[in-house]
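The next block holds one structure in the form of structure tokens; read it before the comments.
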Amino acid sequence: MKVVVANELGFCFGVKRAYDLAISNASSTTAIIGQLVHNQDVQNNLYEHGIKEFEAKGNFDKIILRSHGTIKKEKEELLKSYELIDTTCPILLNIYNKMIEKEEEGYTNIIFGDPNHPEVIATKSQVKSCIVVNSPEEIQNLKDNLYFVTMQTTLNYQKADLLTKTICDKFGNNVKVFNSICGASSKRRKSLIDLTKEVEAIIIFGSKNSNNTKELCNILKEKNFPYYFANDVFSLDLSSISMYNSIGISAGASTPDWIIKEAVRVLNDINNKDSIDLGENNVASDKIVANNDPIENHESNKTDASIPSKDTVTDSFNHNDKGESTMINENEKVSTETTENASNNAVNEQDHAEMMAKIDDTFTRIKRGQIVQGTVLYVTESQIMVNINYRSDGIIDRDELPTDLTDPRTEYKAGDQIDVYIVKVDDGEGNVVLSLRRIKDVQAWNELEEKFEAKEPIEVFVKEQTKGGLIVEYKGARAFMPASHSFDRFRRDLSSLVGETVKVEIIDFDKSKRRCVVSRRELEKARIQKEQDEFWSGVEEGQLRKGKVMRLTNFGAFVDLGGVDGLIHITDLAWNRVRDPKEVLSVGDEVEVLVLGFDREKNRISLGLKQTTEDPWEVFKNNNKVGDVVKGTVVSMPEFGAFVRLGEGIDGLIHISQICREHIEKPSDILNIGQEVEAKITDIKDNQKISLSIRALTEPEEEKRERKPRRERAPRKTANENKKEEKADSNPIDNPLIDSEILGELKKMALNLDDNTSEGEAAQNSEE
Ligand code: SF4
């Protein structure tokens, strides 16, 4: 038995969104009011995830609101006590907005649909007043007024046509009709009709309370096509199904994947030698093929089963209902010939076309590649829904957002007016596929065309280097710049331009082929010439100029001063000795230099970098003198001594003999490179030579300790001198050999003695 799965079936985008929202908020304190979608399996799955049925006394913090909308007042009341997870389908939210807007414009809202359907009840509650119309008779009872009509999203097209024709005939231009039947439902219907051409019977999976599922059954009933309607594969009479050579599978928009997968698996098992055709576009198809486990017990049911007629269904869905007999819709060409009541109730094709035209007239006509303005309806982290005043809204998915936009909520909000690009008029769910990314691209190419024709330069961002040139971007549109056009002169390495924004002119352009070739060469030459002219007319010796280091050589650094390169000779880089310019500068450094001289004829400029700072020699000379003690760092040690850095560009020499008192073979016996030392300045010469001595700091103390007083040999004395000596011996104060200190003491003592002697003599004299 061949099993064929419809191209469009199961969860629509609104239901999937609702389910995902509910699951992502599932917890023991999350509750749901009613069914999230019209499917008990989905509901049971939510319970398995811990979500509870709402009770007023329950301990809940989050309440999930169902996908088909909540009565406005109920929502407002709940909001006072709970955090609400509102899963209302965005398509419904858009309908609400349109109704509110029209009410403000003076229209009275009408909904075509079942007044008891929860979606219609919730929709009606969003505006101050709203009439629900379910039959042409009810329209006849309406008073003259301005009316704005929306439709239950799952309303069948026959009914929609009939009611639209009736209301337009009665109120003419006073009525505006918004076809809000959801495209997801209509796509499932079309897909089902396609399926009838491929298989002998079809199984439709879904719940009895799902309107769009019932609509699928209606189509088959009206086509007199054998079908089954079941919640899941296990409630089917598999023995009767196994008699078909081919069976199709379809499902309503609220039927979950797992029901469909399970059905395919089981049906495949009935005759696992038969092939399974899952349909080219079926999202679930590849997963289903992989799921091929045999299931026991069903095999035995194959015998004695007969092929069911149109009335043989596994569900109690009423086949004899007298609903509208035909649906005449471009997308859904259900044959009226097979329907018993077709001739009585059919809305002929011409009428339908007129009707759709009337509806369409109230909305924008769109086509692929067009740019239209729309209003943002809502924004999620990966999607923007936009009303473009078309019968369906448009969706901008993540892929179609600008590449640099990580979260659209940061840039867009509901109510924003934006331009959008139409990628597809119908995405298969009835929505228009829109793009923001492409609109930028289209706008960029249009602008490029204008600039090319006007020969106007543009600014481009250099994205990357490729073989032969650079890839550049203009507002997202890619263009190419050949290597030979990237600089004023040919350069092999173009990497310095990557990441830069540069000015270019378009030299070759073809919008239809998306080809744009740009050049920077001529603009660059002109820019450089202009800068050079400006430079030469303003340059003066002694001027300070800013520039960028472009090149380093062993004799200095070339600096771009703006179209003109100047040289800082190695001796003008720093006040201290420089062995390699790399010690001071790197390519790309921004520097301020002093113009030392220039020759315009020879195009030469000599620059000084060290001259932009004070001469450290002058500073040193002003602050230091011979005899001062200074600190410095040993920077080199030739054999004859050690050079000590006293400041930038100021070195002093400690001769080897001045390092210490003892004899040393070489300076490194005592000192190390990098060592901090203290030394006395022993000489400062005008040729910037400074002599230092460490020994001078240590010598006096050592010598004091170590030096013994030297006794000088006494010269031969004359007889006179000998006499004097004798006299001096008798008076030690006059002895020249006595240390002056001692001599001072002796003199003091002598004075005392004299005083004492006088006093003693006086006393003696008086006694006498
Ligand atoms: S059928 Fe349409 S309106 Fe209903 S939930 Fe799905 S996408 Fe939304």
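My numbering puts the first residue of the sequence shown at 5, with every later residue one more than the last.
Just so you know, even glycine gets a beta-carbon here, dropped at the ideal spot from N, CA and C.
ask   = Can you give the Cα-Cα distance for Pro620 and Lys550, rounded to whole angstroms?
value = As a position in the sequence shown, residue 620 is number 616, starting the count at 1. As a position in the sequence shown, residue 550 is number 546, starting the count at 1. Those two C-alpha atoms are separated by around 23 Å.
ask   = Taking 7 Å as the cut-off, does the CB of Gly398 come closer than this to any heavy atom belonging to ligand 1?
value = Position 394 of the sequence shown, counted from the start, is the residue given in the question as residue 398. Outside the cutoff, so no.
key: Collapsed DSSP secondary structure at His489 in the structure displayed   = The sequence position of residue 489 within the sequence shown is 485, counting from 1. His489 falls in the helix class under three-state DSSP.
query = Does DSSP put Thr33 in a helix, a strand or coil?
reply = For the purposes of this step, residue 33 is identified with residue 29 of the sequence shown, where counting begins at 1. In this structure, Thr33 counts as coil in the three-state DSSP scheme.
inquiry  = Tell me which residue opens and which closes the alpha helix (DSSP H) that Leu167 is part of.
reply    = To locate residue 167, count along the sequence shown from 1; it is residue 163. Run containing Leu167: 161 to 175, per the alpha helix (DSSP H) assignment.
key: Simplified DSSP assignment, three categories, for Ile55   = Within the sequence shown, residue 55 is the residue found at index 51, counting from 1. Correct three-state label for Ile55: coil.
Pairwise C-alpha distance: Arg581 and Pro671 = On the sequence shown, position 667 is the one that residue 671 refers to. On the sequence shown, position 577 is the one that residue 581 refers to. So the two alpha carbons sit approximately 22 Å from each other.
task = From the DSSP output, in three-state form, read off Gly542 for me.
result = Start at 1 with the first residue of the sequence shown, and residue 542 comes out as number 538. The answer is helix: DSSP assigns Gly542 an H, G or I state.
request  = Use the C-beta contact count for Asn120: other C-beta atoms within 10 angstroms, 16 or more gives buried, fewer gives exposed.
outcome  = The sequence position of residue 120 within the sequence shown is 116, counting from 1. The residue in question, Asn120, is exposed, as its Cβ has fewer than 16 Cβ neighbours within 10 Å.
ask   = In angstroms, rounded to a whole number, what distance separates the CA positions of Lys227 and Gln447?
value = For the purposes of this step, residue 227 is taken as residue 223 along the sequence shown, with counting starting at 1. For the purposes of this step, residue 447 is taken as residue 443 along the sequence shown, with counting starting at 1. Each residue's Cα considered, the two are about 49 Å apart.
key: Whole-number beta carbon distance between Ile104 and Gln156, since they are thought to touch under 8 Å   = Position 152 of the sequence shown, counted from the start, is the residue given in the question as residue 156. Position 100 of the sequence shown, counted from the start, is the residue given in the question as residue 104. Their Cβ separation, rounded to whole angstroms, is 18 Å, which puts Gln156 and Ile104 out of contact at 8 Å.
message = When you measure from the CB of Ala267 to every non-hydrogen atom of ligand 1, does any distance come out below 7 Å?
response = Mapped onto the sequence shown, residue 267 falls at position 263. Ala267 Cβ: outside cutoff for every heavy atom of ligand 1.
task = Compute the Euclidean distance between the alpha carbons of Asn213 and Leu240, then round it to the nearest angstrom.
result = Translated into the one-based positions of the sequence shown, residue 213 becomes position 209. Translated into the one-based positions of the sequence shown, residue 240 becomes position 236. Asn213 and Leu240: Cα-Cα distance of roughly 18 Å.
message = Quick check: what's the CA-CA separation for Met5 versus Cys172?
response = For the purposes of this step, residue 5 is identified with residue 1 of the sequence shown, where counting begins at 1. For the purposes of this step, residue 172 is identified with residue 168 of the sequence shown, where counting begins at 1. In a straight line, the C-alpha of Met5 is about 49 Å away from that of Cys172.
Start and end residues, alpha helix (DSSP H) containing Arg21 = As a working note, residue 21 is residue 17 in the sequence shown. Taken as a continuous stretch (DSSP letters only), the alpha helix (DSSP H) holding Arg21 covers 17 to 28.
task = Determine the burial state of His42: buried for a count of at least 16 other Cβ atoms within 10 Å of its Cβ, exposed for fewer.
result = One-based indexing of the sequence shown puts residue 42 at position 38. Per the 10 Å Cβ criterion, buried.
task = Just tell me which of Ala35, Thr92, Lys76, Thr384 has its CA closest to the CA of Lys61.
result = Locating residue 61 in the sequence shown gives position 57, counting from the first residue. Nearest C-alpha to Lys61: Ala35.
ask   = Where Ile206 and Arg269 are concerned, what is the direct C-alpha to C-alpha distance, given to the nearest angstrom?
value = To locate residue 206, count along the sequence shown from 1; it is residue 202. To locate residue 269, count along the sequence shown from 1; it is residue 265. Their Cα atoms are separated by approximately 16 Å.
message = Out of Lys459, Glu460, Glu526, which one is the CA nearest neighbour of Ser488?
response = In the sequence shown, counting from the first residue as 1, residue 488 sits at position 484. Checking every option, the nearest Cα to that of Ser488 belongs to Glu526.
request  = Would you please state the rounded distance, in angstroms, between the beta carbons of Glu94 and Leu381? I believe it to be under 8 Å.
outcome  = In the sequence shown, residue 94 corresponds to position 90, counting from 1. In the sequence shown, residue 381 corresponds to position 377, counting from 1. What sits at residue 94 in the sequence shown is Pro, not Glu. Their Cβ separation, rounded to whole angstroms, is 6 Å, which keeps Pro94 and Leu381 in contact under 8 Å.
task = Could you tell me how far apart the beta carbons of Ile264 and Ser246 are, in whole angstroms, since I believe they sit closer than 8 Å?
result = In the sequence shown, residue 264 corresponds to position 260, counting from 1. In the sequence shown, residue 246 corresponds to position 242, counting from 1. Rounded, the Cβ-Cβ distance is 19 Å, inconsistent with contact.
ask   = Out of Ser541, Gly472, Pro412, Val429, which has the shortest C-alpha to C-alpha gap to Asp3?
value = Outside the modelled stretch of the chain, which goes from 5 to 772, sits residue 3, for which no answer is possible.
key: beta strand (DSSP E) runs contained entirely in the stretch 134 to 158, provided each spans 3 or more residues   = 134 to 137, 151 to 155
request  = Grab me the residues of Glu504's own chain with a C-beta within less than 6 Å of its C-beta, minus the 5 sequence neighbours each way, in chain order.
outcome  = Locating residue 504 in the sequence shown gives position 500, counting from the first residue. Taken in chain order, the residues that qualify are Val466.
ask   = Comparing the CB of Leu409 with every heavy atom of ligand 1, is any distance shorter than 7 Å?
value = In the sequence shown, counting from the first residue as 1, residue 409 sits at position 405. No, the Cβ of Leu409 stays beyond 7 Å of every heavy atom of ligand 1.
task = Note the first and the last residue of the continuous beta strand (DSSP E) segment covering Met400.
result = The residue labelled residue 400 in the question sits at position 396 within the sequence shown. Checking the sequence shown, residue 400 turns out to be Ile, not Met. Ile400 -> beta strand (DSSP E) spans 398 to 401.
ask   = Can you tell which of Gly570, Val153, Ile375 has the C-alpha that lies nearest to the C-alpha of Val124?
value = The sequence position of residue 124 within the sequence shown is 120, counting from 1. Residue Val153 is the option with its Cα nearest to Val124.
task = Alpha carbon to alpha carbon, how far is Cys16 from Ala257? Give it in angstroms, no decimals.
result = For the purposes of this step, residue 257 is taken as residue 253 along the sequence shown, with counting starting at 1. For the purposes of this step, residue 16 is taken as residue 12 along the sequence shown, with counting starting at 1. Each residue's Cα considered, the two are about 5 Å apart.
query = Which one of Ala30, Asn626, Leu613, Val681 has the shortest CA to CA distance from Gly636?
reply = Taking the first residue of the sequence shown as position 1, residue 636 is located at position 632. Nearest option by C-alpha distance: Val681.
ask   = Comparing the CB of Thr384 with every heavy atom of ligand 1, is any distance shorter than 7 Å?
value = What you label residue 384 is simply residue 380 of the sequence shown in a count that begins at 1. Checking the Cβ of Thr384 against ligand 1 gives no.
ask   = Can you round the beta-carbon distance between Ile370 and Ile392 to whole angstroms, since I take them to be within the 8 Å contact cut?
value = Residue numbering aside, residue 370 sits at position 366 when the sequence shown is read from its first letter. Residue numbering aside, residue 392 sits at position 388 when the sequence shown is read from its first letter. Ile370 to Ile392, Cβ: 7 Å. Contact.
ask   = Beta carbon of Val3: closer than 7 Å to some heavy atom of ligand 1?
value = Since the first residue of the chain shown is 5 and the last is 772, residue 3 is not available in this structure.
Contact test: Ser211 Cβ vs ligand 1 heavy atom, cutoff 7 Å = What you label residue 211 is simply residue 207 of the sequence shown in a count that begins at 1. No, the beta carbon of Ser211 sits no closer than 7 Å to any heavy atom of ligand 1.
inquiry  = Alpha carbons only, please: which of Leu556, Asp569, Ser516 is nearest the one belonging to Gln533?
reply    = As a working mapping, residue 533 is identified with position 529 in the sequence shown. Ranking the options by Cα distance to Gln533, first place goes to Asp569.
Per-residue DSSP class, three states only, for Glu460 = The sequence position of residue 460 within the sequence shown is 456, counting from 1. DSSP places Glu460 in coil when its eight states are reduced to three.
key: Cβ-Cβ distance between Arg442 and Glu404 below 8 Å   = Mapped onto the sequence shown, residue 442 falls at position 438. Mapped onto the sequence shown, residue 404 falls at position 400. Contact flag set, yes.
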